Amino acid sequence: MRVPSGPGAPRGRQAPRGRAGLGRLLTLAALAVVPVLALGLFFVVPVSGMLARGLVVDGVVDPGAVLEVLGRPRVHRVLWFTAWSASAATALAVLLGLPAAYVLYRLDLPLRRLLRALLLVPFVLPTVVVGVAFKQLLRESGPLGFLGLEESAVAIVLGLAFFNVSVVIRVVGGAWESLDPRPGEAAAALGASPRQVFRTVTLPALRPAIVSAASVVFLFCASGFGVVLTLGGLRWSTVETEIYLLTTNLLDLQAAAALSILQLVVVSVLLALSARLRAVPGGASRVVARPRPVRRGDWPWLGATAVLLVYVGAPIATLVAGSLRVDGAWSLGNYRALGTAGSEQALLVPVTEALANSVRVAVDATWMALLLGGLVALVVTRRSRGRAERRVRGALDAFFMLPLGVSAVTVGFGFLVTLGRGPVDLRDSALLVPIAQALVALPLVVRTLAPVLAGIDDRQRQAAASLGAGPLRTLVTVDLPVVWKPLLAAAGFAFAVSLGEFGATSFLAREDRPTVPVVIFRLIGHPGAMNYGMALAASVVLAATTALVMLAVERLRVGSVGAF
Amino acid sequence: MVLSTHARSAVLTGLAVLATSVLGGCSLTGSSSEDEASAGNDPVVLVTHDSFSLPDELVSDFEERTGLSLEVRPSGDAGTLTNKLVLTKDDPTGDVAFGVDNTFASRALAEGVFASYAPELPEGAEAHELPGDEDDLLTPVDTGAVCLNVDDTWYAERDQAPPRTLEDLTRPAYRDQLVLPGAATSSPGMAFLLTTIARFGEEWPDYWRELLGNGARLTGGWSDAYQAEFTQGGGKGDRPIVLSYDSSPAFTVSGGTSSTSALLDTCFEQVEYAGVLAGADNPEGAEQVVDFLLSDEVQAALPESMYVFPVSSQVELPAAWAKHAPRPEQTWEVDPADIDANRDDWLRDWNDLVSR
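Chains as they are written, first to last, in the numbering used here: chain D, 1 to 564; chain Y, 1 to 356.
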């Protein structure tokens with residue numbers, strides 16, 4: 001690796017290099033230690049605990065039993081369905097998300113900030129509520145009933161893509177926004193058609209972001225649980241629903257462990273693959289281009305975005321309309337009732353109080369996810385010296401993605417069987433909820449920050465260092481200005497993940513401090529028209545809160561770059 | 001220019017950080033307020049299912065009277081709760097558990113999750129005691145029957161008679177009309193599977209094949225069935241027969257009549273138990289919680305709070321329940337020991353039958 005420096009420098013730099021190299025490694029280790037410990041305690045220990053319960057029978061490890069489980073025809077069917085439904089949903093999310101990322105982040109469109117914020121809404125909506133909205137649209141008597149999609153695999157794919165398309169828009173949009181437009185302009189000036197520019201210049205530059213987004217979406221889809229159950233009507237099983245059944249009902253820990261191991265292996269392979277695809281060929285310099293006015297050539301992008309808006313908007317509109325109906329008439333009654341504990345005391349605390357809980361937890365989860373995610377992103381994107389160091393970084397990167405691909409049931413039960421020991425009984429801690437949510441948000445934070453950090457030319461840091469800047473100052477003057485916007489985007493993301501998270505939260509939240517999704521689940525789980533109406537209204541409030549937070553983040557981004 | 005943009009962004013950032021922190025109360029989740037009300041009280045932890053709920057006044061009366069502070073820890077549905085108790089039996093997460101039902105009770109007993117405690121039962125409760133529980137490990141607290149419900153208005157509009165029995169559901173007249181939660185993912189769903197096993201014995205898989213052949217729809221949980229697919233649910237679905245409880249018709253009353261009714265020949269009795277956990281930190285407190293659950297106040301509050309019937313016959317039911325939720329005279333039953341021995345096989349066979 002050539003380091004640009006003054007004449008005569010190579011010889012002079014030779015001597016301190018060994019010490020500097022060691023120092024570098026120590027710094028990196030120090031940066032990595034907090035996130036690694038956190039993930040170790042709250043992920044590796046619980047999962048190993050559950051695997052051990054399943055694998056060790058009477059003090060002896062029995063690998064034959066695992067192979068027996070994996071040989072069952074049912075397991076093959078389940079694995080196959082998981083793989084193809086998640087792949088199809090990922091492809092759909094990327095296909096729909098790319099045009100929207102372009103339109104909303106590159107074009108000077110009125111209301112684009114509002115649309116960006118609104119498009120994140122599906123990500124936080126409770127599955128059970130969206131499931132009802134989808135069903136109302138797809139069932140025989142519904143507006144889309146003629147498609148005959150009810151309880152089909154297609155409905156599951158549509159549902160999975162609905163929840164995850166915002167990930168693609170955010171991650172790819174962020175990268176697209178900070179993409180240097182000059183190479184494309186140069187290509188165009190040399191006679192390349194817009195299509196050629198896209199294919200040969202833009203797409204390769206966006207590849208890391210697209211692969212990042214797609215791998216996260218795939219993991220979310222493959223471990224999607226509620227969507228499969230709600231929209232598939234039990235006809236379809238995925239690895240995740242099987243583990244749920246085996247653990248929570250049959251208590252067949254051996255088979256559950258076998259499937260969890262399978263999950264771990266598949267996810268690891270996938271992550272290794274995506275890391276390969278993500279590798280950036282040479283650091284691209286990044287600037288932030290001003291959005292440009294809409295041109296005539298943009299209409300296919302605009303058209304595709306319109307399709308996306310209808311696809312995302314229809315279920316949400318159904319939901320909003322439903323929340324405004326009381327006894328067959330339009331009314332705000334469901335919203336007024338949110339300050340109460342529901343008809344027949346369905347709730348212990350009013351929804352308004354749950355909202356305050358949710359925000360409190362989300363603030364904690366956000367700073368935790370940003371802190372851990374920021375450190376991880378820094379560690380994994382620093383240019384490596386030598387193959388071994390690169391390997392270690394790659395492995396670390398993948399390690400922090402793992403929680404997305406592993407069953408929440410396994411992790412949740414693992415908390416119970418392992419975290420009771422040790423000096424404090426962590427199972428009782430109210431902090432478990434934000435910690436669990438932060439672990440879910442962590443990969444999104446890393447995947448939002450890493451592509452941008454990786455895109456920073458390392459020579460800039462070296463230049464800063466050679467001018468006498470310490471590591472911290474280099475970070476502030478070189479990395480921070482570039483990563484500032486993605487950092488805010490990541491914060492918004494983490495906040496939204498926390499607001500919407502249900503799986504882990506329902507497992508860990510304390511009765512007297514429920515979050516909004518937990519309350520919604522309770523409301524919709526009780527008979528009575530008012531409770532149902534309140535569940536919809538609470539979902540709309542949750543969605544609106546998310547949209548407002550995202551809008552605030554969008555506002556913040558104005559004028560923040562280029563001022564450093 | 002650059003400076004002013006910078007300043008503006010800094011101000012905006014400051015404001016945003018301030019706003020979020022104020023909203024979040026500077027957080028670290030909950031920070032203060034915690035436990036200040038019950039400071040100094042002896043804590044007792046109740047592990048229960050997600051549907052647990054009791055009026056605040058009752059709980060604070062209990063805490064005042066006993067000097068205990070009751071901490072409630074919800075842990076999923078009856079099945080998840082039971083399995084969590086089994087997995088943590090050497091190091092329990094609480095002192096007392098409530099919500100293990102008669103379909104899961106034998107697993108908990110076999111695993112030695114509970115310690116002995118025989119409280120004085122209220123009148124009527126003996127009838128619900130768990131068969132085979134010689135060591136007084138579990139105490140019945142509430143009961144409710146899982147029954148098919150029909151939308152009477154839907155059938156009246158079509159001048160059709162609603163179904164009455166399990167066999168009726170396989171008749172062409174009721175094609176594509178039934179929706180029910182699955183046995184693997186929902187405890188009422190499991191109760192219905194047991195109903196069919198009680199009724200048809202070894203031939204239950206044939207019945208299920210006919211049921212599915214006649215267009216029965218399965219969902220993950222109760223809400224997916226009742227709220228989303230049932231014609232009288234919140235989502236105004238298009239299926240007029242649903243699996244729910246004998247108490248459900250009390251929640252569809254308007255203008256003095258209920259638009260739904262339970263089919264009382266299709267019911268399976270569920271009983272929920274409470275018990276002191278073996279290895280509890282506070283066994284005396286745990287026993288007091290069990291007594292509390294059997295008290296007249298809690299027994300009377302059960303219908304409105306948890307949609308179940310009290311085991312005690314000493315307390316009065318709410319008016320709507322007495323009028324619109326008649327209880328089945330006879331229910332289908334499967335011996336708990338049989339359930340324990342065969343549950344996994346039944347569920348696996350059932351699962352293979354309904355899913356791909």
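Ideal Cβ placement from N, Cα and C applies to all residues, glycine included. For clarity, every value in this text was computed on a predicted model and none was experimentally measured.
- Valine 44 (chain Y) and valine 59 (chain Y) have their C-alpha atoms some 12 Å from each other.
- DSSP places serine 466 (chain D) in the helix class (H, G or I) of the three-state scheme.
- With contact defined as three or more Cβ pairs closer than 8 Å, the segment 293-305 of chain Y and the segment 175-184 of chain Y are not in contact.
- Annotation: threonine 153 (chain Y) to leucine 487 (chain D) spans about 56 Å, alpha carbon to alpha carbon.
- In the DSSP assignment, phenylalanine 230 (chain Y) is bridged to Y:Arg239.
- For arginine 209 (chain Y), none of the residues of chain D pass the 9 Å Cβ criterion, the least Cβ distance being about 14 Å.
- One Cα belongs to leucine 431 (chain D), the other to serine 48 (chain D), and the distance between them is close to 22 Å.
- Shown here for alanine 88 (chain D): same chain residues with a beta carbon closer than 7 Å to its own, the five before and five after excluded, namely Val157 in chain order.
- Counting along the chain, valine 217 (chain D) sits inside the alpha helix (DSSP H) bounded by residues 203-222.
- Val72, Arg73, Pro74, Gly76, Gly79, Thr80, Asn83, Lys84, Val86, Leu87, Thr88 and Asp91: these are the residues of the segment 64-92 of chain Y whose beta carbon lies less than 7 Å from some beta carbon of chain D, given in chain order.
- Rounded to the nearest angstrom, the gap between the Cα atoms of alanine 337 (chain D) and aspartate 246 (chain Y) is 27 Å.
- Boundaries of the beta strand (DSSP E) harbouring serine 69 (chain Y): 68-74, taken from the DSSP string.
- The C-beta of phenylalanine 62 (chain Y) comes no closer than 8 Å to any C-beta of chain D.
- By the rule that beta-carbons nearer than 8 Å mark a contact, glutamate 140 (chain D) touches chain Y.
- Cβ neighbours of glycine 233 (chain Y) within its own chain (closer than 7 Å, five residues either side excluded): Tyr226 and Gln227.
- Fully contained in the segment 127-154 of chain D are the following alpha helix (DSSP H) runs of length 4 or more, in chain order: 127-138.
- For valine 354 (chain Y), the closest Cβ of chain D is nearer than 8 Å.
- Going by beta carbons, glutamine 263 (chain D) and glycine 405 (chain D) fall inside the 8 Å limit.
- Interface criterion met: the Cβ of arginine 217 (chain Y) is under 8 Å from a Cβ in chain D.
- Under the Cβ criterion of 8 Å, phenylalanine 200 (chain Y) is not counted among the residues facing chain D.
- Residue-level contact by beta carbon fails for tryptophan 350 (chain Y) and chain D, as no gap is shorter than 8 Å.
- Taking all protein chains in view, the Cβ of proline 172 (chain Y) is surrounded by fewer than 16 other Cβ atoms within 10 Å, so the residue is classified as exposed.
- At least one CB atom of chain Y sits nearer than 8 Å to the CB of isoleucine 524 (chain D).
- The contact set of serine 248 (chain Y) on chain D, defined by CB atoms closer than 9 Å, consists of Pro527 in chain order.
- Judged by beta-carbon spacing, valine 276 (chain Y) lies within the 8 Å limit of tyrosine 117 (chain Y), meaning their Cβ atoms are closer than that value.
- Among the residues of chain Y, none has a CB under 8 Å from the CB of asparagine 334 (chain D); the nearest is roughly 10 Å distant.
- DSSP links cysteine 147 (chain Y) through a beta bridge to Y:Ser244.
- Residues Ala354 of the same chain have their beta carbon placed closer than 6 Å to that of proline 514 (chain D), with the five preceding and five following residues left out of the count.
- Counting only Cβ-Cβ distances below 7 Å, tryptophan 222 (chain Y) has contacts in chain D at Gly525, in chain order.
- In terms of beta-carbon proximity, glutamine 270 (chain Y) stays away from the interface with chain D, with every pair separated by 8 Å or more.
- In this structure, isoleucine 435 (chain D) lies away from valine 129 (chain D), with their beta-carbon atoms at least 8 Å apart.
- In the displayed model, phenylalanine 400 (chain D) falls within coil according to three-state DSSP, outside both helix and strand.
- From the beta-carbon of tyrosine 117 (chain Y), no residue of chain D is found nearer than 9 Å; the closest lies around 23 Å away.
- Counting only Cβ-Cβ distances below 7 Å, glutamine 227 (chain Y) has contacts in chain D at Val132, Ile524 and Tyr532, in chain order.
- When secondary structure is reduced to three states using DSSP, serine 305 (chain Y) falls in the helix class.
- DSSP places arginine 217 (chain Y) within a strand segment (E or B) once states are collapsed to three.
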